[in-house]
Amino acid sequence: MTAYVIRRLLATIPVMAVVALFVFFLLHLTPGDPAAVIAGDDASPAEVEGVRRKLGLDRPMWEQFAIYTWNLLRGDLGTSIFSNLPVLTLVRQRLEPSLVLAVSTLVIAVVFAIPMGVVAAWKARTAVDRIVMAFSVMGFAMPVFLIGYMLIYIFAIELRWLPVQGYRPLAQGIVGTARSIVLPAFALGMVYMALIARITRASMLEVLSEDYIRTAHAKGVATTGVLLRHALKNAAVPIVTVIGIGLALLISGVVLTETVFNIPGLGRLTVDAILKRDYPIIQGLIILFAGVKVLVNLMIDLSYTWLDPRIRY
Amino acid sequence: MTAAVIEAEAPAPSRGARVLAWVRRNPTIVIGSAILLSLVGLAVLAPWIADDPLNFEPTNRLKRPTAQSWFGTDRFGRDVYSRVVYGTRISLVVGLSVAVLATAVGLAVGILCGFYKRVDGVVMRVMDGMMAIPAILLAIALITLMKASLLIVIIAISIPEIPRVVRLVRSVVLTVRALPYIEAAIASGTRGLAIMARHVLPNTIAPLIVQATYVCASAILLEAGLSFLGAGTPPEIPSWGNVISDGRTFFQIAPWIIFFPGVLLAVTVLAINLVGDGLRDTLDPRIARRM
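These protein sequence lines map, in sequence, to chains A and B.
The numbering used here puts the first sequence at residues 1 to 313.
The numbering used here puts the second sequence at residues 1 to 291.
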C-alpha cells in the first residue's frame, strides 16, 4: 500500500510538469510579442517595455524557464502585473468564498443526488425512476447561468426570501453566509446532482441484481437495510469516482457561478484578470486548479482500497 | 392501436412500418433530431424570419416582450428575438466545428498512440497534463492571448476536448490490436498504415460518433459560458452567450434578455444529448446496459 501511494505520488510529477510547461509556453508560442499583447492595444512603447521587464521577457528563454520552474517549486505562483501583489496572496484573499461555495455544492449535490439515484434504481421503470432520469437529462443541458438567474428571479426577486447577489464572509456569522451561498450552490450543483444521480442509479441497478441482495431480502433484512448497507456500499466505487470527476466540472462552474452571483472568489479573480489581461494571475490559477484536480484524483484512487477491500495494490 | 402496428406484425412488414417501428424503439434520437432540425431551420432562415440583429433603436430600450418584439428589447433597443435567432447560427457552427476538429485530431493522435509505443508514453503524459487543466481556463488562456475571433474561439474550445477523444480512440485501438485478426494481418504482410485504415479505424467509428455528440454539446455550453464572461466570441457578434452577457446588468428589470437565449441554449444542448444517448444505446449496447 505504501509503495502504491509513493508510486501514485510520483506519477503526479510528470502531469504537473506538463501543466507547468504548457502554461509557460502558452505565453511564448503565441503569435506576436507577448509583452505587447499583455500591455493591451493602447499601450505606449514604454509601457510595453515595462511589462516586458516585469515579466522577465527580455531574458533568454531558457533562463526564463529556469526561473519560472524554480519559483513554482518554491511555491511562488508569480506576481500580478496590476496590483503588484503575489498571486498566492490574491488567492488567499479570495479563497474563502470559493471554498465555501465548492463545499456547499458538494454537500448539497451528494445529499440530494444519492437518495434520488437509490430510489430510482429501487423503483426502476416506474414513474419515480422516469422523473429522476428526466431531471438528470435536464440537469446536463441547463447552463449554470440560466439556472442561477432563474433561482435569483424566483427566490430573491419574486419571493424575497434570499439575497439577490453577493457573499457574506463566515466572520460575519454563519447564517448570513448560508443565506448568501444556498442559491449559488444549487445553481452550480444541478449538473453535479444530475451526474451523481445517474451513476448512483446505474451502479445500484447492477448491484441489486446480485444474489446476495436476494439472500438479504430472503433472510428478512428490512428494505432500507438492504438498500443502504448491502447495496449502496457495494455500489460506492463508481459513485465516488464520478464525484471526483464532477469536481472538475465544479471548478469550471465556479468561475461562471461567481460571476452570476457576484461572489468575490477565485472565479471573480479569474474573470477580472482576463478583463485586465493580468496574465500571471491566469497562469497561477491554472497551475493551482490543475494541482487541485490532480490531488482529488489521487485521493479518489486511494479511497478505492477503503471502499472495496478486494482492490489491492 | 394504429394500422402500423398490425402491419408490423404481418410476415413481411412494409418499409413505412419498419421506419415506424424504428422510431418507436429510438424515441430519443427522433425527438432530439427533430429539435435540432428546427434549430438548423432557424439558423438558415434567419434573414427571412428575423430583423437585423444589430439594429439600434434607442427609443425602444429594455421593452417587455410584445407582439412586435416577441422576446423584448435590450439596452440599445435591439430586438432580442432577432439576436437570438441569429445566435443559433453561432452556436451550431461552434458546436459542429469543434466536434469535427476535436474528433479528427483526437482520432489521428489516438490511433498513433495505440500503435506506436514510443509515441504513446510522451503523448499520453501531455494529454494527462492537458486534462488536468479545467477546460474553461485553458480556453480563456488561449483566447486572451490571441485576437478574439470566431475561429480562435473554435480552436480554443477544441483543444481541451482533444485529450478525451485521444483516450477513447487509444483504448479502442489497444483492445482491437490484441485481437487475432490483426495478428493475422501482420503475419500476412499487411503494412501498418493499411492495418490501421482497414482493420482498426472501422472499430473506432461507433464510439467516436457518440463521443462527437457530447463534444458538440459541451462546446456549445462552453462557448456560451466564455462569451458570458466576456472572454469568448467578439461582443459585436450576436451569440447566445453575448446576448446573455449583455443582459447581465439589467437582469432585475429586464429578465427576458437572459431568459430566452438561455432557454434556447438549454433546449439545443438537451436535443444534442438526446441524440447522443440514443446513438450510444443503439451503437454501443455494452455501455447501454450499464447506464
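Backbone N, C-alpha and C fix where the C-beta goes; we use that ideal spot for every residue, glycine too.
All figures in this text were calculated on a predicted structure; none of them were measured in a lab.
| Asked | Found |
| --- | --- |
| Per-residue contacts from B/ALA231 into chain A (C-beta, under 7 Å) | ILE274 |
| Selected residue, minimal CA-CA separation from B/VAL176, among B/SER149, B/ARG280, B/ALA197 and B/ASP74 | B/ALA197 |
| Residue range of the alpha helix (DSSP H) that includes A/ASP58 | Note, A/ASP58: premise wrong, no alpha helix (DSSP H); not H, not E. |
| For B/ASP79, the residue or residues it bridges with in DSSP | B/THR73 |
| Closer than 7 Å at the beta carbon, the chain B residues around A/ILE245 | Residues of chain B passing the Cβ test: none, with the nearest at roughly 11 Å. |
| Rounded straight-line distance, which links the Cα of A/ALA236 to that of A/ARG201 | 11 Å |
| Beta-carbon proximity of A/ALA248 to B/ASN273, cut-off 9 Å | no |
| Residue nearest to A/GLY75 in terms of C-alpha spacing, selected from A/LEU285, A/PHE22 and A/THR215 | A/LEU285 |
| Closest residue to B/THR73 among B/LEU265, B/ILE258, B/LEU279 and B/VAL269 (Cα-Cα distance) | B/ILE258 |
| Distance between B/TRP240 and B/ALA224 (C-alpha atoms, nearest Å) | 6 Å |
| is_contact[A/GLN283, chain B] using C-beta, thresh 9 Å | yes |
| Close Cβ partners of A/TRP122 (< 7 Å) along its chain, the five nearest in sequence each way excluded | LEU227 |
| Cross-chain neighbours of A/THR142 in chain B, by beta carbon under 7 Å | In the sequence as presented, Thr is not what sits at residue 142 of chain A; that position holds Met. Near A/MET142 (Cβ distances below 7 Å), the residues of chain B are ALA266. |
| Alpha helix (DSSP H) runs wholly inside the region 102-154 of chain B, at least 4 long, in chain order | 117-132 and 135-145 |
| Same chain only: Cβ atoms within 7 Å of B/GLY87, ignoring 5 sequence neighbours per side | PRO238, SER239, TRP240, VAL243 and PRO261 |
| Beta-carbon gap between A/TYR192 and A/THR105 smaller than 9 Å | yes |
| Cβ pair count under 8 Å reaching 3, the region 111-126 of chain A against the region 270-277 of chain A | no |
| Under 9 Å by beta carbon: chain A residues contacting B/ALA228 | Sequence check: residue 228 of chain B is Phe here, not Ala. Here the neighbours are PRO143, PHE145, LEU256, THR259 and VAL260. |
| One or two residues paired with A/THR79 in a DSSP bridge | A/PRO86 |
| Through-space distance from A/LEU73 to B/PHE251, alpha-carbon basis | 44 Å |
| Proximal chain B residues relative to A/SER289, where beta-carbon distance stays under 9 Å | Reading off the sequence shown, one finds Phe at residue 289 of chain A, where the question assumed Ser. By Cβ distance, chain B contributes ALA132, ILE133, PRO134 and LEU137. |
| C-alpha gap between A/LEU302 and B/ILE162, whole angstroms | 27 Å |
| Best match in A/VAL100, A/TRP306, A/ALA17 and A/MET138 for proximity to A/GLY265 [C-alpha to C-alpha] | A/VAL100 |
| Distance between A/ARG125 and B/TYR181 (C-alpha atoms, nearest Å) | 41 Å |
| C-beta atoms of B/THR204 and B/LEU107 nearer than 9 Å | yes |
| Alpha-carbon to alpha-carbon, A/SER252 and B/GLY192 | 41 Å |
| 4-residue-minimum alpha helix (DSSP H) runs that sit fully inside the region 15-41 of chain A, ordered along the chain | 34-39 |
| CB contact check: B/ALA8 to chain A, cutoff 9 Å | Annotation note: pLDDT 48 at B/ALA8 (below 50); position unreliable, coordinate value reported separately. No - not a single Cβ of chain A is within 9 Å of the one on B/ALA8. |
| Integer-rounded CB distance, given that A/ILE274 should sit under 8 Å from B/ILE140 | 6 Å |
| A/ARG94 to B/PRO207 span [Cα, whole Å] | 41 Å |
| Residues of its chain near B/ALA4, where Cβ-Cβ distance is below 6 Å and the 5 sequence neighbours each way are ignored | Here B/ALA4 scores only 48 on pLDDT, less than 50, and its place in the model should not be relied on; the value that follows carries that caveat. Only ALA17 and LEU20 meet the Cβ criterion. |
| Nearest-angstrom Cα separation, counted from A/ALA17 out to B/LEU92 | 36 Å |
| Amino acids of chain B, ordered along the chain, whose beta-carbon sits closer than 8 Å to that of A/VAL242 | In chain order: nothing, as chain B lies at least about 12 Å away. |
| Within chain A, the residues that B/ILE244 reaches when beta carbons sit closer than 9 Å | PRO143, PHE145, LEU146 and TYR149 |
| Ordered list of alpha helix (DSSP H) runs contained in the region 251-287 of chain A, each at least 4 residues | 266-276 |
| Straight-line Cα distance separating B/VAL30 from A/ARG8 | 45 Å |
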